[in-house]
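Data first, discussion second: the structure below is written as structure tokens.
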Amino acid sequence: NAPLPLIALAYLADYECLEGNLRKASGMYEQAIELAEKWGGQSSLALCFVQQGRASLFYEWNDLDGAVSALQECFRIGDLWKSPRLLVPAYGLSALVMQARGQVEEANALIHLAEQAARDPYASPYDLGMLALYQITLWTAQNDFQAIAQWEQDHDSKWRSQTGRVRDALTVALARARIARSHWTRDDSALEQARALIQPALEQSQTSGLMYNAARLLL
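With the numbering used here, the residue at position 45 of the sequence shown is 329, and numbering never jumps.
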């Protein structure tokens, strides 16, 4: 039964990423792809999660071609299932890759597709949280601090009440946005706001052993 070991490897690799063991996670993703080819799991939901993880690692390592290749597989499988859990990360991360390549119009078009996918009635709070993460990261890259401020005004209490990895990732993204705002607008208060987000999140990440988050927060 191909999906069972594939989903197990996807989750194990995810845990390794959270602990900061990115190379070990990458090896697990590659093992999962070999199993999918061997056992005929090329269209399973589990393989899409594997490719999402690979794409995130490639993006982290600035291997944009590798990220695009993995994301193409996400789109192939996601289109079969029409699931926001698959399509929101595929479109969102693709938008960040296009932005990193300097293709701003393409990035904005892709984040719009992610927003459309998140309007699906079956979209979960996790899907909406991931959409926000991609939006905020893209707005920061484009210095659109007004859009970030509007998002915070509309969603402040909602995102602060969340727990788990979405909140952790949003904390990093919003701290980065405030540091960027300070750089571009010379608003020193933005640095204090960033510090107020970073310090408690860093203590929690170090206590929990989430070294990937801790490294980002230290940076």
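Glycine residues also receive a C-beta, built at the ideal position from the N, C-alpha and C atoms.
By the DSSP assignment, the alpha helix (DSSP H) with residue i in it spans what residues?
| i | result |
| --- | --- |
| residue 323 | 306 to 323 |
| residue 508 | Residue 508 is absent from the model: the chain starts at 285 and stops at 503. |
| residue 413 | 409 to 425 |
| residue 375 | 368 to 384 |
| residue 471 | Element bounds for residue 471: n/a, residue is neither H nor E. |
| residue 521 | Since the first residue of the chain shown is 285 and the last is 503, residue 521 is not available in this structure. |
| residue 444 | 429 to 444 |
| residue 399 | 388 to 402 |
| residue 289 | 287 to 302 |
For residue i and residue j, I'd like the C-alpha separation in whole angstroms.
| i | j | result |
| --- | --- | --- |
| residue 415 | residue 497 | 19 Å |
| residue 476 | residue 426 | 22 Å |
| residue 470 | residue 346 | 29 Å |
| residue 484 | residue 466 | 20 Å |
| residue 298 | residue 391 | 26 Å |
| residue 341 | residue 432 | 25 Å |
| residue 352 | residue 308 | 21 Å |
| residue 385 | residue 343 | 11 Å |
| residue 479 | residue 388 | 30 Å |
| residue 315 | residue 447 | 31 Å |
| residue 404 | residue 473 | 38 Å |
| residue 290 | residue 464 | 39 Å |
| residue 319 | residue 500 | 32 Å |
| residue 492 | residue 437 | 29 Å |
Please name the residue in the options whose C-alpha comes closest to that of residue i.
| i | options | result |
| --- | --- | --- |
| residue 337 | 352, 327 and 310 | 310 |
| residue 409 | 384, 430 and 368 | 368 |
| residue 295 | 315, 334 and 321 | 334 |
| residue 458 | 446, 435 and 364 | 435 |
| residue 332 | 323, 344, 322 and 317 | 317 |
| residue 442 | 393, 421, 468 and 413 | 413 |
| residue 399 | 293, 375 and 387 | 375 |
| residue 428 | 461, 356 and 291 | 461 |
| residue 260 | 439, 393 and 302 | There is simply no residue 260 to check, as the chain begins at 285 and stops at 503 in what is shown. |
| residue 363 | 452, 397, 495 and 445 | 397 |
| residue 407 | 289, 438, 430 and 366 | 366 |
| residue 468 | 430, 357, 440 and 438 | 430 |
Please look up how many angstroms separate the CB atoms of residue i and residue j, rounded, as I've assumed it's under 8 Å.
| i | j | result |
| --- | --- | --- |
| residue 361 | residue 379 | The pair is not a contact, with the Cβ atoms about 19 Å apart (cut-off 8 Å). |
| residue 330 | residue 354 | Residue 330 to residue 354, Cβ: 14 Å. No contact. |
| residue 502 | residue 486 | 7 Å |
| residue 402 | residue 372 | 5 Å |
| residue 328 | residue 287 | 5 Å |
| residue 300 | residue 312 | 7 Å |
| residue 383 | residue 422 | 6 Å |
| residue 453 | residue 494 | Residue 453 to residue 494, Cβ: 11 Å. No contact. |
Does residue i pass the burial test, meaning 16 or more other C-beta atoms within 10 Å, or should it be called exposed?
| i | result |
| --- | --- |
| residue 424 | buried |
| residue 419 | buried |
| residue 325 | buried |
| residue 411 | buried |
| residue 489 | buried |
| residue 455 | buried |
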